[in-house]
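J.: Using my numbering, the first residue of the sequence shown is number 18, and each one after it goes up by one. Glycine included, every Cβ here is placed at the ideal spot set by N, Cα and C. I have a structure I would like to understand better, so I am pasting it below and will then ask my questions one at a time.
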Amino acid sequence: MRKLVYILLPVMMSCNTSTSIINMNGAYTMEKQNFKGNDIDTSSVENNQLKIYAGNVMMYTLVNPLQDVSAFAVGKFSVNGDKLIENITYNATENLQSADVFSDTVNIIKNDTGYVQTMSKVMSDKGEIKITETYKSAGTNTPSLLDGIWKQVSSYALRGSDTIKHSDIEYKAFYAGYFSYGDYYTDSIQQKRTGISYGTFSMDSNNNLTETITASTWPELNGKTFVLDITINDSDGFTQTTTNATGDKEISVYERVK
């Protein structure tokens with residue numbers, strides 16, 4: 018099944034712009050996937066996956082702990098009748114990343130609990146198959162100043178008198194009380210890696226952002242809560258600051274994806 022997951026990831030990392038009849042705005046967790054073809058008919062609940070749709074932009078994050086696979090994608094989306102069109106502008110899976118734009122169209126059925134997405138004629142190691150994914154609506158209707166998709170444009174650490182710049186590629190999404198985080202980075206042995214986390218968030222009147230992680234590439238983070246200091250620069254930008262026990266700071270600047 019490992020090979021199947023890798024082949025299907027580019028298909029799942031798909032999305033485009035604006036909504037019409039069906040309102041997709043919200044946060045959705047994947048309940049299950051079904052793969053059906055001449056030589057296969059099986060369901061899987063291995064993937065921990067969250068999709069966030071906000072306005073005309075989206076972000077997808079996935080971690081499969083059993084197969085040690087992490088992936089994320091960002092882009093724009095639109096809805097035409099029962100068709101969801103997703104235009105991906107950036108995606109990363111494990112040690113690979115791409116800014117090549119690609120589009121995908123899937124059939125969707127919205128229901129009281131979320132929606133069902135169907136992709137037909139998908140090529141895999143089992144030949145041509147149909148993939149059906151069931152998503153559950155999550156979160157609340159409470160709006161936030163951070164609602165939307167954000168790209169990190171600057172990141173650095175302040176350690177004593179030293180300033181250390183980071184070069185990773187990072188995106189964050191916020192909507193309906195849920196957040197997701199995707200990072201393409203270089204690890205301690207200089208290998209490229211993809212890491213994701215997602216969960217719930219809230220903001221207080223002092224712009225303190227509280228994030229509770231429910232799924233992550235790093236298992237030790239699951240269930241952990243972090244409080245971050247947020248400075249709203251303007252409607253299209255914010256700065257995030259974290260301070261550790263020794264007083265060192267990590268500072269990230271984000272711009273809104275439009």
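1) According to the neighbour-count rule (16 or more other Cβ atoms, all chains shown, within 10 Å of its Cβ), is Trp-235 buried or exposed?
2) Can you look up Leu-226 in the DSSP assignment and give me helix, strand or coil?
3) From what residue to what residue does the beta strand (DSSP E) around Thr-217 run?
4) Would DSSP call Ala-262 helix, strand or coil?
5) Given this structure, state the Cα-to-Cα distance separating Ile-57 from Ser-172, to the nearest angstrom.
6) Which residue from Thr-258, Ser-252, Ile-206 and Asn-108 puts its Cα closest to that of Glu-272?
7) Spell out the partners DSSP gives Gln-134 in its beta bridges.
8) Using beta-carbon positions only, say whether Ser-61 and Ile-213 come within less than 8 Å of one another.
9) Take Asn-124 as the anchor and find which of Thr-217, Tyr-152, Asp-99 and Gln-208 has the nearest alpha-carbon.
10) If we ignore side chains and look at the alpha-carbon of each, how far apart do Val-274 and Lys-189 end up?
11) I believe Gly-144 touches Ala-193 by the beta-carbon criterion, under 8 Å. Please report the beta-carbon distance rounded to the nearest angstrom.
T.: The relevant details are as follows:
1) exposed
2) strand
3) 209-220
4) coil
5) 45 Å
6) Ser-252
7) Ile-125 and Glu-150
8) no
9) Asp-99
10) 10 Å
11) In fact, because the Cβ distance is near 38 Å, the residues do not count as touching under 8 Å.
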